[in-house]
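Undergrad: Structure below; questions to follow.
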Amino acid sequence: MKNYKIAVLKGDGIGPEIVDEAIKVLDAVASKEGFNLEYNEYLIGGSAIDVFDNPCPDETIKGCLNSDAVLFGAIGGPKWDNVEKQKRPESGLLKLRKSLGLFANIRPAIIFDELVNASTLKPEVIKGVDLTVVRELTGGIYFGEPRYKDDNKAYNTMIYTRDEIERIAKVAFEEAMRRNKKVTSVDKANVLEVSELWREVVEEVAKNYPEVELEHMYVDNAAMQLVRNPKQFDVILTGNIFGDILSDEASMIVGSIGLLPSASIGGKVGLFEPIHGSAPDIAGQGIANPIATILSAAMMLDYLGEKAAGDKIRDAIKQVLAKGYRTKDLASFDAKEVVTTTEMGSLIAEH
Ligand code: ATP
Ligand code: MG
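Residue numbers for the sequence shown follow the UniProt record's numbering, so the first one is 1 and each next one is one higher.
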C-alpha cells in the first residue's frame, strides 16, 4: 500500500480544532482509496514559542523536509502580541516558507452553488466563477532590500529577478493547462519598471504554452474586474503584494473566509493551509468552519498524485452543503441544521 508522510502543524487558536477534522476526512478517504497517511506532529507559532521560545524550531523544519507534504492549521493570537518582532508567531511561518522554498501560493476561489447567497456579489455574477490566484510568495517588495525608516522618510524596494518571475510564471501556466487555459498576468507596467520586466519574462514563458491564452492587466483594473465580472478569470498570475491584496478580495466573493484553501509549492515539499488565521475570538467554542482546512487537505492529495481522493472530498463537501448542514458562520445561508466543527468534519468524512 502506498504510504505518504504528512507533517502536521496544527498551530494556535482554532488550528488544532480544524486540522483534527481534516485528518478525520483524510483517514476516511485514504481507507477507501487504498493508501496510507502517516502523520507526524510538530510545533509552530505561539505553541512553539511556549515550549521552545522559538516560533519555528529546527525540529519543525527538519520534520517538514522529511515529509511528502505539510498540513498546516493557523498561528498567532493575543497571547503572543507582546513578544518581540522577530519571535512573533507570524515570523515562524515566514521562516518556514523560506526554509521550504515555497515561492508559489495558489488560492482557488471555490464557489459552491449551495452557497451563492453567502457571497457579497449577486448570485448571477457569482454562479459559475472558477478562478485561482497564483501569487509569488518569497520576493517582491515584502523582502526587497534596501528597506528603511526614520521619522521623516521611509522606503521599501520592489525587486524581481528574471529567475523569480520565470519560475512563478511557469507555475501559473502549468496550473492553467490543468484548468481552463487562460492566464491573466497582473502588474503595474504603466508605472513600474519591475512590472515591465515582469511582462517581458511572462511573455517569454508563455511561448512554451501555446495552448494557453495570455492577457495582461493593470492591478487597479484587476481589482475592479474581480468584483465586476469574476467569471472572466481562470488563472491570475501576480507578484507578492498585488497577490496578497487580490487573493483576499477574491476570497470575499466566495462568502466565508472559512471556505478557502491554499497551497504553497515550489520547494521540496508542499504546504497546505486555510487562508484564514487562528481566529482566537472563536477558538475552543466548536463553531469554526473546518471546510477551508478540509479543502486544503484535498489540494494536498491532488499534489500527492491522489486526485481521485481529492475529488471525493470536494464531492462530499458539496453533498453535505446540499443537505443544508452549515457551521455558524454560514447559518444564515439556506441552513437546515447548524452543526459544530466536529459534526461538520464527521459529516464530510461519512459522505
Ligand atoms: P491572520 O492575521 O492570521 O490572517 P486575521 O487577523 O486576518 O488573522 P482571522 O484569524 O483570519 O484574522 O479571523 C478573521 C475573522 O474571521 C474572525 O472574526 C474569525 O472569527 C473569523 N474566522 C476565521 N476563520 C474562521 C473559520 N474557519 N470559521 C469561522 N470563522 C472564521
Ligand atoms: Mg488575515
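For every residue, glycine included, the Cβ atom is placed at its ideal position computed from N, Cα and C.
1) Across which residues does DSSP place residue 184 in a beta bridge pair?
2) Looking only at its own chain, which residues have a Cβ that is under 7 Å from the Cβ of residue 282, when we skip the five neighbours before and after it?
3) In three-state terms, what does DSSP make of residue 6?
4) Just the C-alpha distance for residue 310 and residue 256, rounded to the nearest angstrom, thanks.
5) Quick one: what's residue 149 bridged to in DSSP?
6) If you pair each beta-carbon of the stretch 145-152 with each one of the stretch 185-202, do three or more pairs fall below 8 Å?
7) Rounding to the nearest angstrom, what Cα-Cα distance links residue 320 and residue 342 in this structure?
8) So residue 227 and residue 111 are in contact, right, with Cβ under 8 Å, and what is the actual spacing, rounded?
9) So what's residue 42 in DSSP terms, helix, strand or just coil?
10) Can you tell me which residues form a DSSP beta bridge with residue 271?
11) Using DSSP with H/G/I as helix, E/B as strand and the rest coil, what is residue 130?
12) Regarding residue 240 and the ligand ATP, is the C-beta to nearest heavy atom distance less than 6 Å?
13) Any chance you could list the alpha helix (DSSP H) runs of at least 4 consecutive residues sitting entirely within the stretch 12-59, in chain order?
14) Taking residue 292 and residue 275 to be in contact with their CB atoms under 8 Å, please state how far apart those CB atoms are, rounded to whole angstroms.
15) Could you give the C-beta distance for residue 251 and residue 237, rounded to a whole number, given that I count them as a contact under 8 Å?
16) Kindly identify the DSSP beta-bridge partner or partners of residue 105.
17) According to DSSP, simplified to helix, strand and coil, what is residue 142?
18) Kindly examine the ligand ATP and report whether one of its heavy atoms sits closer than 6 Å to the Cβ of residue 76.
19) Start and end of the alpha helix (DSSP H) containing residue 306?
20) Are the stretch 64-81 and the stretch 1-10 in contact at 8 Å, needing three or more beta carbon pairs?
21) May I ask you to report which of helix, strand or coil DSSP gives residue 61?
22) Could you check what DSSP says for residue 326 in three-state terms: helix, strand or coil?
23) Any idea if residue 303 is buried or exposed, counting beta-carbon neighbours within 10 angstroms, 16 or more meaning buried?
24) Which of helix, strand or coil does DSSP assign to residue 84?
25) Does residue 339 come out as helix, strand or coil in the three-state DSSP assignment?
26) Considering only heavy atoms of the ligand ATP, does any lie closer than 6 Å to the CB of residue 278?
27) In the DSSP assignment, find the unbroken alpha helix (DSSP H) run with residue 94 in it and report its ends.
28) On the three-state DSSP scale, how would you describe residue 110?
TA: So, from the listed chains and residues:
1) In the sequence shown, residue 184 corresponds to position 184, counting from 1. DSSP, once it has assigned bridges, lists 215, 236 as partnering residue 184.
2) In the sequence shown, the residue the question calls residue 282 occupies position 282. 14, 288, listed in sequence order.
3) Within the sequence shown, numbered from 1, the residue matching residue 6 stands at position 6. Three-state result, residue 6: strand.
4) Residue mapping note: residue 310 aligns to position 310 of the sequence shown, counting from 1. Residue mapping note: residue 256 aligns to position 256 of the sequence shown, counting from 1. One C-alpha to the other measures close to 21 Å.
5) Position 149 of the sequence shown holds residue 149. 154, per the DSSP bridge assignment.
6) As far as the Cβ criterion goes, the stretch 145-152 does not touch the stretch 185-202, which means the pair count is below three.
7) Here residue 320 corresponds to residue number 320 of the sequence shown, with the count starting at 1. Here residue 342 corresponds to residue number 342 of the sequence shown, with the count starting at 1. Cα-Cα distance, rounded: 14 Å.
8) The residue labelled residue 227 in the question sits at position 227 within the sequence shown. The residue labelled residue 111 in the question sits at position 111 within the sequence shown. That belief does not hold up - the Cβ atoms of residue 227 and residue 111 are roughly 14 Å apart, past 8 Å.
9) Taking the sequence shown and counting its residues from 1, the one referred to as residue 42 is at position 42. Note: residue 42 maps to coil in three-state DSSP.
10) Numbered from its first residue, the sequence shown carries residue 271 at position 271. DSSP, once it has assigned bridges, lists 70, 264 as partnering residue 271.
11) As a first step, residue 130 must be located in the sequence shown, where it is residue number 130. Three-state result, residue 130: strand.
12) Numbered from its first residue, the sequence shown carries residue 240 at position 240. No, since every heavy atom of the ligand ATP falls outside the 6 Å radius drawn around the Cβ of residue 240.
13) 15-33, 46-52
14) In the sequence shown, residue 292 corresponds to position 292, counting from 1. In the sequence shown, residue 275 corresponds to position 275, counting from 1. In this structure, residue 292 and residue 275 form a Cβ contact; the two beta carbons are roughly 7 Å apart against a cut-off of 8 Å.
15) Here residue 251 refers to the residue found at position 251 when the sequence shown is read from its first residue. Here residue 237 refers to the residue found at position 237 when the sequence shown is read from its first residue. Incorrect: roughly 17 Å between the Cβ atoms, too far for contact.
16) As a first step, residue 105 is located in the sequence shown; it is residue number 105 there, counting from the start. Its beta-bridge partners are 135, 264.
17) Taking the first residue of the sequence shown as position 1, residue 142 is located at position 142. Here residue 142 sits in helix by DSSP.
18) Locating residue 76 in the sequence shown gives position 76, counting from the first residue. True, at least one ligand heavy atom lies under 6 Å from that Cβ.
19) Counting from 1 along the sequence shown, the entry for residue 306 is found at position 306. No alpha helix (DSSP H) contains residue 306, which DSSP labels as neither H nor E.
20) With three or more CB-CB distances shorter than 8 Å, the stretch 64-81 counts as touching the stretch 1-10.
21) For the purposes of this step, residue 61 is identified with residue 61 of the sequence shown, where counting begins at 1. Here residue 61 sits in helix by DSSP.
22) What you label residue 326 is simply residue 326 of the sequence shown in a count that begins at 1. Note: residue 326 maps to strand in three-state DSSP.
23) The residue labelled residue 303 in the question sits at position 303 within the sequence shown. Buried: at least 16 other Cβ atoms inside 10 Å.
24) Taking the sequence shown and counting its residues from 1, one reaches residue 84 at position 84. Coil.
25) The residue you call residue 339 lines up with position 339 of the sequence shown. The answer is coil: DSSP assigns residue 339 none of H, G, I, E or B.
26) Numbered from 1 along the sequence shown, position 278 holds the residue referred to as residue 278. Indeed, a heavy atom of the ligand ATP lies less than 6 Å from the Cβ.
27) Along the sequence shown, one-based indexing puts residue 94 at 94. Where residue 94 is concerned, the enclosing alpha helix (DSSP H) stretches over 89-100.
28) By 1-based counting over the sequence shown, the position of residue 110 is 110. Correct three-state label for residue 110: strand.
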